[in-house]
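S.K.: One structure coming up, written as structure tokens, with questions to follow.
Numbering (the working numbering), first residue to last: 6 to 147.
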């Protein structure tokens with residue numbers, strides 16, 4: 006009698022591998038999504054700094070700040086960030102009028118994956134260089 010040689014995997018071995026892969030995916034996917042979400046926050050910081058630079062140029066040219074993003078060269082008001090994850094709008098700061106100081110606020114764009122970012126919900130930057138954020142991890146946003 007010849008010995009029977011078995012080639013391949015049994016159903017039990019395949020099921021064990023599927024369970025292990027499922028557990029690893031359940032652990033890794035949320036961590037990956039959180040890392041990607043944190044990376045997208047740089048889109049808000051980038052657009053805020055760009056708008057602040059344009060506001061300062063506008064002040065040099067016209068001796069006033071503006072609340073109109075189209076006057077700063079953006080295609081829409083509020084301005085949309087380069088990657089489309091955030092919108093930025095300008096308003097007068099608490100200490101004065103829009104002509105003398107501004108407060109820029111970046112909020113997640115509607116439909117953006119950043120809308121679910123509870124860690125950093127909004128970013129702000131004013132004409133005095135003060136930066137702030139709101140959210141559960143506000144102290145780590147900037």
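Each residue gets a CB set at the ideal place from its N, CA and C atoms; glycine is no exception.
#1: Taking the C-alpha atoms as reference points, what is the distance between residue 106 and residue 35?
#2: State the CB to CB distance for the pair residue 90 and residue 55, rounded to an integer number of angstroms; the pair is presumed to be in contact (CB under 8 angstroms).
#3: Give the single residue among 143, 137, 118 and 144 whose Cα lies nearest to the Cα of residue 39.
#4: Which residue's Cα is closest to the Cα of residue 104: 8, 20, 131 and 53?
#5: Alpha carbon to alpha carbon, how far is residue 61 from residue 70?
#6: Any idea what DSSP makes of residue 126, helix, strand or coil?
#7: Per the DSSP calculation, residue 136 is bridged to which residue(s)?
#8: Tell me the DSSP secondary structure of residue 12 in three-state form.
#9: If distances are taken between C-alpha atoms only, which option among 115, 138 and 142 comes closest to residue 124?
#10: How about residue 52 and residue 18: do their beta carbons lie closer than 8 angstroms?
#11: Here's the rule: buried if 16 or more other CB atoms are within 10 angstroms of the residue's CB, otherwise exposed. What is residue 26?
#12: Under 6 angstroms Cβ to Cβ from residue 64, same chain only, skipping five residues before and after it: list those, please.
#13: What is the DSSP secondary structure of residue 75, reduced to helix, strand or coil?
M.R.: Working from what's here:
#1: Distance from the CA of residue 106 to the CA of residue 35, rounded to the nearest whole angstrom, comes to 41 angstroms.
#2: A Cβ-Cβ distance of about 14 angstroms is found for the pair residue 90 and residue 55, leaving them out of contact under the 8 angstroms criterion.
#3: Answer by Cα proximity: 118.
#4: With distances taken between Cα atoms, residue 104 lies closest to 131.
#5: Residue 61 and residue 70 have their C-alpha atoms spaced approximately 7 angstroms apart.
#6: Coil, per DSSP.
#7: Note: residue 136 is bridge-paired with 130 in the DSSP secondary-structure output.
#8: Assignment of residue 12 by DSSP, reduced to helix, strand and coil, places it in the coil class.
#9: Here the closest residue by C-alpha is 142.
#10: Taking 8 angstroms as the Cβ cut-off, residue 52 and residue 18 do not qualify as a contacting pair.
#11: Result: exposed.
#12: Counting only Cβ-Cβ distances below 6 angstroms, and skipping sequence neighbours, we find 70.
#13: Correct three-state label for residue 75: helix.
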